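**Student:** Have a look at the structure that comes next, please.
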Amino acid sequence: MSSARKTASPDQLLRQELLALHAYHVPPATGMVKLDAMENPYSLPPQLQEEIGRLAADAAINRYPDAGAHSLKEKIRTVTGLTQDAEVLLGNGSDEIIQLLALATARPGATLLSVDPSFVMYRMIATFTGMRYIGVPLTENFDLDLTATLDAIKLHQPALVFLAYPNNPSGNLFNAEDITRIIEIAPGLVIVDEAYYAFASDSFIPRLARYPNLLVMRTFSKLGMAGLRLGFLTGSKTWLEQLEKLRLPYNVGVLAQGVAEILLQHHDVLLQQAAQIRKDRAWLYERLVGIADVRPYPSEANFILFRAMHANAVFVGLKQRGVLIKNLNGAHPLLTDCLRVTVGTPEENEGFVVALQESLHTAQASFGGN
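So the sequence shown is numbered by the working numbering: it starts at -7 and just counts up by one.
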């Protein structure tokens, strides 16, 4: 009588570094004022909603999409002001593009370098693809430590350097001259991640022609298309023609391409919403400055990082009051007692401030005012 065949378990088949990872957690937000994910809080105008509805009704969803998304790429070129020397590669959000870049450069012993704290997917995707990750600590004010970063680049010779501009979760723009020094000394590619470009005062896209190892990555998620999952990478054709080989076919679907084209035809509407969010951000920052035991950090993104006494208790208190933000306490030593709030509508921002003050008062009372 034959014995039953044993099936493999995850710890027998999967790489140890993957077993040690935690999946990217997205908390449930049903019934909450959702201020945790850097989304645009504003709906589209009714006429745009109707236009998108007609497109969805007429879309050939029984057919594969345009594999090259040529029409959409031209719209992106137009609204971004790209020259014909710059190529465009589309991704299912920027996450797919980060993964594609890592897969392309993950030769044995290859290193991906970034700064810490920054976007968590740089480290996670380096692990997915078997690259070594080096995170250079930021200063206590979340600025680039240029000397340490340049030393790390010289020592580790990274194939990829990722710099979020503005940075997530701190919201600040690093010094542009410091980034230029990094581009000039880096032996590999430097990717400036401009996910929050619509809320910031600077961009590296005009510098692309000067630096052949510079690529700029953007996503439209923060501008109001989070549900479409659309990002793009731009830079020298020399690099993007090679990277295009790793892009999975049909990675941007029929509806995503069509809806994005409509929205980019009305790019001014989205930019008006971004301008309103910048005004809302200024109002919210000033309110946070005025709250005792709260220290907000200046931001050029659509969120504000702030430090609060008893951060964990304050986070719980906000949830109990129906407001969901991001708890970063414990994520990195520089983020001790830090919380991050997305800029919402004026009504959401006012409700958050009230809930924050109440949560702080409750937390202080629970901890004896200390």
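Glycine included, every Cβ here is placed at the ideal spot set by N, Cα and C. Since the model is a prediction, treat every value here as computed from it, not as a measurement.
Look at the alpha carbon of valine 345 and the alpha carbon of leucine 280, and state the distance between them as a whole number of angstroms.
**Tutor:** In a straight line, the C-alpha of valine 345 is about 8 Å away from that of leucine 280.
**Student:** Could you spell out where the alpha helix (DSSP H) holding glycine 309 opens and where it closes?
**Tutor:** Looking at the DSSP string, the run of the alpha helix (DSSP H) that includes glycine 309 is 303 to 312.
**Student:** Residues in the same chain with beta-carbon distance under 6 Å from aspartate 28, minus the five sequence neighbours each way, listed in chain order, please.
**Tutor:** Excluding sequence neighbours, aspartate 28 sits near Leu316, Ile317, Lys318.
**Student:** So, using beta-carbon positions, are phenylalanine 298 and leucine 352 closer together than 9 Å?
**Tutor:** In this structure, leucine 352 does not lie closer than 9 Å to phenylalanine 298 by Cβ.
**Student:** Would you give the residue range spanned by the alpha helix (DSSP H) that tyrosine 277 belongs to?
**Tutor:** Its alpha helix (DSSP H) spans residues 259 to 281.
**Student:** In this structure, how does DSSP classify methionine 215 when only helix, strand and coil are distinguished?
**Tutor:** Methionine is not the amino acid found at residue 215; the sequence shown has leucine there. In this structure, leucine 215 counts as helix in the three-state DSSP scheme.
**Student:** Near phenylalanine 111, which residues of its chain fall below 6 Å by C-beta distance, leaving aside the five closest residues on each side in sequence?
**Tutor:** Same-chain partners within the cutoff: Ala156, Asn160.
**Student:** Mind checking who proline 129 pairs with in its DSSP beta bridge?
**Tutor:** Its beta-bridge partners are Asp108.
**Student:** Over the uninterrupted alpha helix (DSSP H) stretch that includes aspartate 170, give me the two end residues.
**Tutor:** Residues 168 to 177.
**Student:** Any contact between the stretch 134 to 142 and the stretch 180 to 197? By contact I mean 3 or more CB pairs, one from each, below 8 Å.
**Tutor:** The stretch 134 to 142, when compared against the stretch 180 to 197, does not touch it at the 8 Å Cβ threshold.
**Student:** Using a Cβ distance threshold of 8 Å, determine whether the stretch 238 to 246 contacts the stretch 77 to 87, with at least three qualifying pairs required.
**Tutor:** Contact between the stretch 238 to 246 and the stretch 77 to 87 is present, because at least three Cβ pairs lie under 8 Å.
**Student:** Beta strand (DSSP E) containing proline 20: first to last residue?
**Tutor:** Per DSSP, proline 20 belongs to no beta strand (DSSP E) and is neither H nor E.
**Student:** On the CB-based measure, 16 or more other CB atoms within 10 Å of its CB, does valine 18 come out buried or exposed?
**Tutor:** Label assigned to valine 18: exposed.
**Student:** Reducing DSSP to helix, strand and coil, say where valine 228 ends up.
**Tutor:** As written in the sequence, residue 228 is serine, which differs from the valine given in the question. Residue state, collapsed to three classes: strand.
**Student:** Does the beta-carbon of isoleucine 177 have 16 or more other beta-carbons within 10 angstroms, so that it is buried, or is it exposed?
**Tutor:** Answer is exposed; the Cβ neighbour count stays below 16.
**Student:** What do you get for arginine 221, buried or exposed, if any count of 16 or more other CB atoms within 10 angstroms of its CB means buried?
**Tutor:** Buried, by the Cβ-count rule.
**Student:** Name the two residues that bound the continuous alpha helix (DSSP H) containing glycine 45.
**Tutor:** Start and end: 38 to 50.
**Student:** Going by the beta-carbon positions, is the gap between glycine 163 and alanine 61 smaller than 9 Å?
**Tutor:** Against a cut-off of 9 Å, the Cβ pair of alanine 61 and glycine 163 comes out as no contact.
**Student:** So which of Tyr189, Leu225, Glu169 has the shortest CA-CA distance to isoleucine 89?
**Tutor:** Closest option to isoleucine 89, Cα to Cα, is Leu225.
**Student:** Among the candidates His302, Ala0, Ala168, whose CA atom is the shortest distance from the CA of glycine 322?
**Tutor:** The candidate whose alpha carbon is nearest that of glycine 322 is His302.
**Student:** When you measure from the CB of alanine 49 to every non-hydrogen atom of the ligand ATP, does any distance come out below 8 Å?
**Tutor:** Because no ligand of any kind appears in the structure shown, any question about the ligand ATP cannot be addressed here.
**Student:** Quick check: what's the CA-CA separation for isoleucine 197 versus isoleucine 68?
**Tutor:** Going from the Cα of isoleucine 197 to the Cα of isoleucine 68 covers about 13 Å.
**Student:** Beta carbon of arginine 124, beta carbon of alanine 144: below 9 Å?
**Tutor:** No. Outside cutoff.
**Student:** I need the DSSP call for phenylalanine 344, collapsed to helix, strand or coil.
**Tutor:** Residue state, collapsed to three classes: helix.
**Student:** Our contact map puts alanine 192 next to threonine 75 with C-beta atoms below 8 Å; I'd like the distance itself, whole angstroms only.
**Tutor:** With 8 Å as the limit, alanine 192 and threonine 75 do not qualify as a contact, their Cβ atoms being about 21 Å apart.
**Student:** Find the nearest neighbour of leucine 142 within the set Phe120, Leu105, Met116, Leu215, judged by alpha-carbon distance.
**Tutor:** Ranking the options by Cα distance to leucine 142, first place goes to Leu105.
**Student:** Roughly how many angstroms lie between the CA atoms of lysine 146 and alanine 140, to the nearest whole one?
**Tutor:** Rounded to whole angstroms, lysine 146 to alanine 140 spans 10 Å at the Cα level.
**Student:** Identify the continuous alpha helix (DSSP H) that holds glutamate 31 and give its terminal residues.
**Tutor:** It is not in any alpha helix (DSSP H) - glutamate 31 carries neither H nor E in the DSSP assignment.
**Student:** How would you call leucine 327, buried or exposed, if buried means at least 16 neighbouring beta carbons within 10 angstroms?
**Tutor:** Counting Cβ neighbours within 10 Å, leucine 327 comes out buried, since at least 16 surround it.
**Student:** Name the two residues that bound the continuous alpha helix (DSSP H) containing glycine 163.
**Tutor:** No alpha helix (DSSP H) contains glycine 163, which DSSP labels as neither H nor E.
**Student:** Thinking C-beta only, is arginine 199 closer than 9 Å to threonine 230?
**Tutor:** Taking 9 Å as the Cβ cut-off, threonine 230 and arginine 199 do not qualify as a contacting pair.
**Student:** Identify whether arginine 221 lies in helix, strand or coil by the three-state DSSP scheme.
**Tutor:** Of the three classes helix, strand and coil, the one that applies to arginine 221 here is coil, per DSSP.
**Student:** Would you call proline 325 buried or exposed, if buried means 16 or more other Cβ atoms sit within 10 Å of its Cβ?
**Tutor:** Exposed, by the Cβ-count rule.
**Student:** Could you tell me the distance, in whole angstroms, from the CA atom of alanine 96 to the CA atom of leucine 262?
**Tutor:** Roughly 33 Å separates the two Cα atoms.
**Student:** So, at 6 Å on beta carbons, what are the nonlocal neighbours of proline 129 in its own chain, with the 5 sequence-adjacent residues on each side left out?
**Tutor:** Result list for proline 129: Asp108, in chain order.
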